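Asks:
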Amino acid sequence: MAKSFSEILLELARKDERICGVSCDCWGFLAPLAKEFPLRSIEVGIAEQNLIGVAAGLALRGKIPFAIGMNPFVTMRCFEQIRTDLGYGARNVKVVGGYGGGIMYAGWGCTHHAVEEVALMRLIPTMTVLMPADAYETEQAVRAAAATEGPFFISLAGGVLHGARPESERSFAVGKAVMLRDGHAATVIAVGYTVAEAIKAGDMLAAKGIHVRVLNMHTVKPIDQDAILRAARETPLLITLEEHTVVGGLGGAVAEVLADAGAGIPLKRLGIQDVFAVMSGSRQDFRDRLGICAEAVVKEVLKSVSQH
Amino acid sequence: MDAERNELIRGLEEKARRIRVYVVRIAGMSDCHTGGSMSIAEVLAALYFHVMKVDPKNPKWEGRDYFILSKGHCVPGLDAALAMRGFFPEEMLTTHLERDSFITGHACARLTPGIDASTGSLGHGLSIGVGAALGVRMDKAPNRVFVLLGDGELQEGSNWEAAMAAGHHGLDHLVAIVDRNWYQTGQTEKMMRLEPLADKWKAFGWAVRTIGGHNMAEVLATLEAVPFEAGRPSAIIAHTVKGKGVKSIETHHMARFDGVKLAAALKELGEPVAETTHG
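Residue numbers (my numbering), protein chains in the order written: chain A, 1 to 308; chain B, 309 to 587.
(1) Please report the straight-line C-alpha distance between A:G109 and A:G291, rounded to a whole angstrom.
(2) Between which two residues does the beta strand (DSSP E) holding B:H547 run?
(3) Who are the neighbours of B:S429 on chain A, taking C-beta pairs under 7 angstroms?
(4) Could you name the residues of chain B that A:K15 contacts, counting a contact when the two beta carbons are closer than 7 angstroms?
(5) With respect to the alpha helix (DSSP H) encompassing A:M121, which residues constitute its N-terminal and C-terminal limits?
(6) On the three-pair Cβ rule with 8 angstroms, is the region 310-318 of chain B touching the region 180-194 of chain A?
(7) May I ask you to list, following chain order, the residues of the region 455-470 of chain B that have a beta carbon less than 7 angstroms from some beta carbon of chain A?
(8) From this set, B:D507, B:R325, B:E497, which residue's C-alpha is nearest B:V516's C-alpha?
(9) Roughly how many angstroms lie between the CA atoms of A:G100 and A:C26, to the nearest whole one?
(10) Within 8 angstroms of any Cβ in chain B, is that where the Cβ of A:Q307 sits?
(11) Excluding sequence positions up to five away, which residues of its chain have a Cβ less than 6 angstroms from the Cβ of B:V581?
(12) Find the nearest neighbour of A:R83 within the set A:A56, A:T219, A:H184, judged by alpha-carbon distance.
(13) How is the beta strand (DSSP E) around B:A538 delimited, first residue to last?
(14) B:V383 touches chain A at which residues, Cβ-Cβ below 7 angstroms?
(15) Where does B:H414 fall in DSSP's three states?
(16) Taking the straight line between their C-alpha atoms, what separation do you get for A:K221 and A:G97?
(17) Along chain A, which residues have their Cβ under 8 angstroms away from the Cβ of B:D424?
(18) Is the CB of A:N71 under 8 angstroms away from at least one CB in chain B?
(19) So, with DSSP's three-state summary, where would you put A:C20?
(20) Out of A:E11, A:E117, A:L156, point me to the one whose CA is closest to A:A135's CA.
(21) Could you check whether B:V486 and B:D447 sit closer than 8 angstroms to each other, using their CB atoms as the reference points?
(22) Which whole runs of the alpha helix (DSSP H) in the region 13-85 of chain A are 4 residues long or more, in chain order?
(23) Applying a beta-carbon distance threshold of less than 8 angstroms, which residues of chain B neighbour A:N92?
(24) Quick one: is B:G551 buried, meaning 16 or more other Cβ sit within 10 Å of its Cβ, or exposed?
(25) From B:L419 to B:L434, what does the alpha carbon distance come to, in whole angstroms?
(26) Taking the straight line between their C-alpha atoms, what separation do you get for A:G69 and A:S23?
(27) Kindly indicate which three-state DSSP category A:K268 falls into: helix, strand or coil?
(28) With distances taken from CA atoms, which of A:G53, A:G271, A:P125, A:I19 is nearest A:V297?
(29) Mind checking A:R181: buried by the 16 CB within 10 Å criterion, or exposed?
(30) Who are B:R407's beta bridge partners in DSSP?
(31) Relative to the alpha-carbon of B:K510, which residue among B:H522, B:I544, B:G494 has its alpha-carbon at the smallest distance?
(32) Ordered along the chain, which non-local residues of its own chain (more than five positions away) have a Cβ less than 6 angstroms from that of A:G312?
(33) If we define contact as Cβ-Cβ less than 8 angstroms, is B:V438 a contact residue for chain A?
(34) Determine the extent of the beta strand (DSSP E) in which A:G97 is found, giving its start and end residues.
(35) Starting from B:H432, find everything on chain A with Cβ-Cβ shorter than 7 angstroms and list it in chain order.
(36) For the region 31-46 of chain A, which residues have a beta carbon sitting closer than 8 angstroms to at least one beta carbon of chain B?
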């Protein structure tokens, strides 16, 4: 059974006295740490800018702070603090999007959609961007962040949603995509919250005798260029799937790799097509209407197969 | 005792004068944020030459007191203090903005020895100071954290998030010094009123003292008296004059001197003019 973020943080803190937690109105995540190490657990209230500045100051003192807030706010409100105090400042701080990743909040409104977070975090030099897909990967991501010098962004959005994969299929290394299924009709690249949909699309296509490669790109930065370029050589179509604007997110990152390498193959970026998702409904309703779902992937693959 | 104290104060006043001389020399070679760099000269001199524990040979010494220049554009003043304190050779100061120099236009901790935080965008330093103070508390260590802020800078809301947190967490080893020079690019109170400023800090849980920022005896006594109250962070509102020391650039945000004006400014600061270059 994989551990929760709070449990991992406490375990890491027991082993390394530099580990500490800073919460932006997310005290639940720090509660176990606070019980054992009250001085190393800090609440800053609803104040993202201060959250990041305080974390930078803790790192100045040699600490390894995990700064946790809600995905949309902890990446947007304090973007300049993350860019300047953590990136330019070269601080060993781990920014954690605790909840509300992607369009988790669906009908609760665009204020709560974190559909720019990957693009924003990816912009910052030296930032490692991790989008774990399940509880196992979340645990590995948090451990890797604690053990590696430099600023990290980790979204817990995937780990909350999907169960752990079978133990035999588990492996995790920062910057290394995980191939969840292989095939030659197309490659579907997913992150965190969309990995389950990509797997579902693979299953639906397999039932029709069409086999696609599914890559779990849990590290969006530094992105696994080898895996992308291998897919570009071995499959005729790449599809990215994200609960995120296609501008600058996973789709943008993959497009950059393909363009830089001169690997001119078709790329379909499924995600939010440069619009605000102003509507009501459940997360699944949003996915269906925005085309961020297994069915949309299947449609693209079938279109490609019929043309060959 | 009094004689000894007077000598200390006179010595620090001379350090402040020399900080200003270096700021003016930098303004003699490139554009320079003279105004805010000259208004903080006494505070910098008192901190770096008497109050703060630092080790110029080991800038990242764990036992040091931290100093964060939140008004990062006034780094010429800080660089002068650091060089004079021995963090790097004073000759470096007149390489401001030159290729491969570490004398930069805004404070850069990654390039300049002795600088604790890279600043320039206003409203970042106090949060970093709160974090450093919390880290020191985790270690149950005696280090203190000094953050020097501009007054116009306090219009950035992030400062008040940090002030609230410092008061809430009772960080009595954190000291905020406000360089109250009353000017930003224009008059601070006209552009966005800050008064009643002391009351604002008090309301956020700080112990506050208002002083004359160019009166070295007062600056020194105040910095030596922190924390003013156990369990509260200390705020010092230092009333100063932007560009203090050279009348012609008082209240100016930035200045640059050509040869003749440079000589006049240095003369005004009591510096021999013979060694200045013209051109």
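Backbone N, C-alpha and C define an ideal beta-carbon position, used for all residues, glycine too.
Everything numeric in this text was worked out from a predicted model, so none of it was measured.
Replies: Let's see:
(1) 18 angstroms
(2) 542-547
(3) E80, T84
(4) Within chain B, no residue comes near A:K15; the closest Cβ sits about 16 angstroms away, beyond 7 angstroms.
(5) 117-122
(6) no
(7) S466, E469, A470
(8) B:D507
(9) 12 angstroms
(10) no
(11) A571, L574, K575
(12) A:A56
(13) No beta strand (DSSP E) holds B:A538; DSSP gives it neither H nor E.
(14) Near B:V383 there are no residues of chain A at all, since even the closest Cβ is about 15 angstroms away, more than 7 angstroms.
(15) coil
(16) 16 angstroms
(17) L60
(18) no
(19) strand
(20) A:L156
(21) no
(22) 27-36, 48-60, 71-76
(23) None at all; the shortest Cβ gap to chain B is about 12 angstroms.
(24) buried
(25) 21 angstroms
(26) 6 angstroms
(27) strand
(28) A:G271
(29) buried
(30) None, per the DSSP bridge assignment.
(31) B:I544
(32) Since the first residue of chain A shown is 1 and the last is 308, residue 312 of chain A is not available in this structure.
(33) yes
(34) 94-99
(35) G53, Q81, T84, D85
(36) L39, R40, I42, V44, G45
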